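Below is one structure, written out as structure tokens; the observations come after it.
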Amino acid sequence: MGTTTFRRDLVIAVIALVVLLGIPLVFPSAALRDFIIYVVAYGLLAISLNLLTGYTGLVSFGHALYFAAGAYAFGLLMQSGKVSTLSAFALSILFSAFLALVVGAICVRLKEIYFAFLTLAFQMLFYSVILTWVSLTGGDQGLMGGIPRPPLFGIDLGDPHVFYVFSCVLFVVCVFLLRQITESPFGYTLRMIRDNQERAVFLGVNVFRAKLLAFVLAGSIASVGGIVLALFASGAYPGYAFWTTSGEAIFMIMLGGSQVFIGPIVGAVLLQLLNHIVTIYTEHNGLFLGIIILVAVLGLRRGIADFIYEAWAGRRAARAPAVTAKAQGTEAAAGNKEAAYDPLS
Amino acid sequence: MTQVSSGLLMGMLLFLVASGLSLIFGVLGIVNFAHGSFYMLGAYFAYAGYMATESFLVALAAGTLGMALFGAVFERLFISRIYGRDVLMQLLLCYAFVLILDDIVKIVWGANYLLMRIPPAFALPPLFVGGGAIPVYYAFLIGVSAAVGLLLWFAITKTRFGKTVRAAAINPQMVSALGVNTKLLYTSVFAIGSLLAGAAGALAAPVRSLTPGMGLSILIESFIVTVIGGMGSIVGALVASILIGLTRAFGSIGFPLFVDGLMFTIMALVLILKPSGLFGRQV
Numbered sequence: 000m001g002t003t004t005f006r007r008d009l010v011i012a013v014i015a016l017v018v019l020l021g022i023p024l025v026f027p028s029a030a031l032r033d034f035i036i037y038v039v040a041y042g043l044l045a046i047s048l049n050l051l052t053g054y055t056g057l058v059s060f061g062h063a064l065y066f067a068a069g070a071y072a073f074g075l076l077m078q079s080g081k082v083s084t085l086s087a088f089a090l091s092i093l094f095s096a097f098l099a100l101v102v103g104a105i106c107v108r109l110k111e112i113y114f115a116f117l118t119l120a121f122q123m124l125f126y127s128v129i130l131t132w133v134s135l136t137g138g139d140q141g142l143m144g145g146i147p148r149p150p151l152f153g154i155d156l157g158d159p160h161v162f163y164v165f166s167c168v169l170f171v172v173c174v175f176l177l178r179q180i181t182e183s184p185f186g187y188t189l190r191m192i193r194d195n196q197e198r199a200v201f202l203g204v205n206v207f208r209a210k211l212l213a214f215v216l217a218g219s220i221a222s223v224g225g226i227v228l229a230l231f232a233s234g235a236y237p238g239y240a241f242w243t244t245s246g247e248a249i250f251m252i253m254l255g256g257s258q259v260f261i262g263p264i265v266g267a268v269l270l271q272l273l274n275h276i277v278t279i280y281t282e283h284n285g286l287f288l289g290i291i292i293l294v295a296v297l298g299l300r301r302g303i304a305d306f307i308y309e310a311w312a313g314r315r316a317a318r319a320p321a322v323t324a325k326a327q328g329t330e331a332a333a334g335n336k337e338a339a340y341d342p343l344s
Numbered sequence: 000m001t002q003v004s005s006g007l008l009m010g011m012l013l014f015l016v017a018s019g020l021s022l023i024f025g026v027l028g029i030v031n032f033a034h035g036s037f038y039m040l041g042a043y044f045a046y047a048g049y050m051a052t053e054s055f056l057v058a059l060a061a062g063t064l065g066m067a068l069f070g071a072v073f074e075r076l077f078i079s080r081i082y083g084r085d086v087l088m089q090l091l092l093c094y095a096f097v098l099i100l101d102d103i104v105k106i107v108w109g110a111n112y113l114l115m116r117i118p119p120a121f122a123l124p125p126l127f128v129g130g131g132a133i134p135v136y137y138a139f140l141i142g143v144s145a146a147v148g149l150l151l152w153f154a155i156t157k158t159r160f161g162k163t164v165r166a167a168a169i170n171p172q173m174v175s176a177l178g179v180n181t182k183l184l185y186t187s188v189f190a191i192g193s194l195l196a197g198a199a200g201a202l203a204a205p206v207r208s209l210t211p212g213m214g215l216s217i218l219i220e221s222f223i224v225t226v227i228g229g230m231g232s233i234v235g236a237l238v239a240s241i242l243i244g245l246t247r248a249f250g251s252i253g254f255p256l257f258v259d260g261l262m263f264t265i266m267a268l269v270l271i272l273k274p275s276g277l278f279g280r281q282v
């Protein structure tokens, strides 16, 4: 694998970027452009969360903390006017990574549901800090006054077209990086931890360190999503840090699928579409979203991308016997995981 | 003393919610993320009962029994379908219900703060204990919660039903093989857990303002309580609830932010030093 997958991913990334950049040329609509920027921001949140949920088996319910931390840190740094855009960028990601390091060091030792709740608790702590520290964050009004967008390497981020290109490039770079992480030996270590932690320990993997690294990486990439959103909205709002943002990210993964790499992005597109449609027809979007989640959880039982992939893999397996073993292997692995899970142990 | 009583009040409410959460987790292996919404529904049911009949007794019954019934139906219709599925599905299912219940409350009772006055029966001069005033209703609430806690402890440790429940928590297959209807057992445990949340909501309704979304903060606090006290330990839940309640009551005089920080620091310390909680068995 190694270099060949790297080259293939690079080609796919370039094609994806070209397609993304081509969309506004074919459909010159400001609404569509804004929609894609939302998908970029929330897509980064969801796909980085999937490094934990799908690949490591850590269901974090507090991932929006790093998303919001990126947005607020970037907004505050830019408003201070003391740092350049580039260093504000780097510092915001570093700040989020540091938060993830502290929270992760406390949380990653814990078992699934404890982990989920504790990450949520830390997110709510961050949320209450934002609400109460009014002099710094603007409290429930959010970070007002706009975020200045001085030119970065001579490109003007204030121009919506330029900003669109900037967001798309950032998005593709981050997703490509994440892909390299998941396909690296480290990524396979994470899968092993997910499937059988005891075996990983037995083979000499430092599980704590691997999980913590995954947690920090995921938090850093989520913060990039937050920065994009802060730049786009020209502000940061406490809603970014509210628990529903984390819930939506988990739902995006569920909707799109956690076993296919780009599943969460599919989920982000679907959820943004749903949100748009639901808010047009009703103000009770919680009710409708809740019912859709319910139908997805009880009816579909897996993400749409997973569903399509399994159907496709099944057809391919039927045609070529050589692939059958592999496909059955993954199915068996999935089956084992379900069978091995005992709710009451 | 006044601070102590309001700390105890918060602590006892937390204890009711947290013990229900802990009971359901211990036996069913499900963390009911919608437990805070059950607390909220209990409060609104009590409000509706009080508004309809002007009787506080009816309000309490509406909150507790209404939630027990709701919990039983909820378990049969939804929770029973996800036993054995992974944590992600549990969280999503409950997340869906948090959204749905919040919106239903908004549709039925409106998004504004509602206030249910302290029932006239309790409009007595406050009790003076140790040089501080304690409103009678506070004393009543603390007493009732303590009684409920004692009853729960007795039911779990001393009765046949409690023995079966504890056995089912350890080995459900064996319990089922011995002829116990585990389905019914699960439903009743879930109903009892919901009843506890509903009772907390109903008792809190006269002293707290009601608002959709009021369940989330108590959910998180009661989870902190179960982490500190130890999952599955009623004594632990009681001690931790009172600890958190008093911390809140004393800290909120000056430093609300500091209190949140202190709560999380206590939790983090417990997790690092004794991950199973102060009174917990094995995590």
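Residue numbers (numbering that gives the first Met the number 0), protein chains in the order written: chain A, 0 to 344; chain B, 0 to 282.
Beta carbons: idealized from backbone N, C-alpha and C, even for Gly.
Keep in mind it's a predicted model, so treat the numbers as computed, not measured.
Residue i versus the options, residue with shortest Cα-Cα distance
i         : options                                       : result
Ser36(B)  : Leu87(B), Ala199(B) and Gly250(B)             : Ala199(B)
Leu230(A) : Leu16(A), Ala87(A) and Arg7(A)                : Ala87(A)
Leu44(A)  : Cys173(A), Ser183(A) and Thr278(A)            : Cys173(A)
Leu123(B) : Arg116(B), Leu177(B), Val135(B) and Leu113(B) : Val135(B)
Leu272(A) : Leu31(A), Leu20(A) and Leu24(A)               : Leu31(A)
Gly148(B) : Val238(B), Phe44(B) and Phe24(B)              : Val238(B)
Pro237(A) : Phe185(A), Pro147(A) and Gly138(A)            : Gly138(A)
Met11(B)  : Gly178(B), Gly250(B), Leu277(B) and Val234(B) : Val234(B)
Leu177(A) : Phe34(A), Leu9(A) and Leu50(A)                : Leu50(A)
Met66(B)  : Ser221(B), Phe189(B) and Ala236(B)            : Phe189(B)
Phe185(A) : Val200(A), Glu197(A) and Lys210(A)            : Lys210(A)
Phe44(B)  : Ala33(B), Leu8(B) and Leu64(B)                : Leu64(B)
Ser219(A) : Leu90(A), Ala96(A) and Val58(A)               : Ala96(A)
Residue i versus residue j - alpha carbon distance
i         : j         : result
Thr1(B)   : Gly28(B)  : 39 Å
Val294(A) : Met88(B)  : 12 Å
Phe127(B) : Pro205(B) : 21 Å
Leu135(A) : Asp102(B) : 32 Å
Phe207(A) : Val268(A) : 33 Å
Leu343(A) : Leu270(A) : Since pLDDT at Leu343(A) reaches only 37, below the 50 mark, its modelled position is unreliable, and the value read off the structure follows with that caveat. Cα to Cα, the separation comes out at about 33 Å.
Val265(A) : Gly313(A) : 21 Å
Tyr37(A)  : Pro125(B) : 56 Å
Pro211(B) : Val104(B) : 6 Å
Phe69(B)  : Gly244(B) : 28 Å
Ala201(B) : Val30(B)  : 22 Å
Ile303(A) : His160(A) : 31 Å
Val322(A) : Arg315(A) : Its pLDDT being 45, under 50, Val322(A) is placed unreliably by the model, and the measurement read from it follows with that caveat. Distance between the alpha carbons of Val322(A) and Arg315(A) is about 7 Å.
Arg165(B) : Val26(B)  : 7 Å
Ile46(A)  : Pro147(A) : 28 Å
Val215(A) : Val57(B)  : 52 Å
Phe24(B)  : Ala104(A) : 25 Å
Proximity test, Cβ basis, 8 Å: residue i and chain B
i         : result
Ala115(A) : yes
Ile36(A)  : no
Leu273(A) : no
Ser127(A) : yes
Val322(A) : Legend: pLDDT at Val322(A) = 45, less than 50; position of this residue unreliable, no value from coordinates given.
Ile303(A) : no
Gly256(A) : no
Where residue i meets chain A, residues with beta-carbon distance less than 8 Å
i         : result
Ala267(B) : Ile105
Exposed unless 16 or more other CB atoms sit within 10 angstroms - verdict on residue i
i         : result
Met173(B) : exposed
Trp242(A) : buried
Ser28(A)  : exposed
Asn180(B) : exposed
Ile271(B) : exposed
Glu53(B)  : exposed
His34(B)  : buried
Neighbour flag for residue i against chain A, beta carbons, 8 Å
i         : result
Ala292(B) : Here chain B comprises residues numbered 0 to 282, so residue 292(B) is not present and cannot be evaluated.
Ile99(B)  : yes
Ala103(B) : What sits at residue 103(B) in the sequence shown is Ile, not Ala. For Ile103(B), the answer is yes, since a Cβ of chain A falls inside 8 Å of its Cβ.
Arg80(B)  : yes
Phe263(B) : yes
Val30(B)  : yes
Phe222(B) : yes
Where residue i meets chain B, residues with beta-carbon distance less than 7 Å
i         : result
Glu111(A) : Val86
Gly246(A) : Tyr94
Amino acids of chain B, ordered along the chain, whose beta-carbon sits closer than 9 Å to that of residue i
i         : result
Thr368(A) : There is no way to answer for residue 368(A), as the model of chain A reaches only from 0 to 344.
7 Å Cβ cut-off: residues of chain A touching residue i
i         : result
Ile106(B) : His283
9 Å Cβ cut-off: residues of chain A touching residue i
i         : result
Leu91(B)  : Gly246, Ile249, Phe250, Met253, Ile292, Leu293, Ala295 and Val296
Leu270(B) : Ile105, Cys106, Arg108, Leu109, Tyr113 and Leu117
Partner residues on chain B for residue i, Cβ-Cβ distance less than 8 Å
i         : result
Leu286(A) : Leu98, Ile99, Asp102, Ile103 and Ile106
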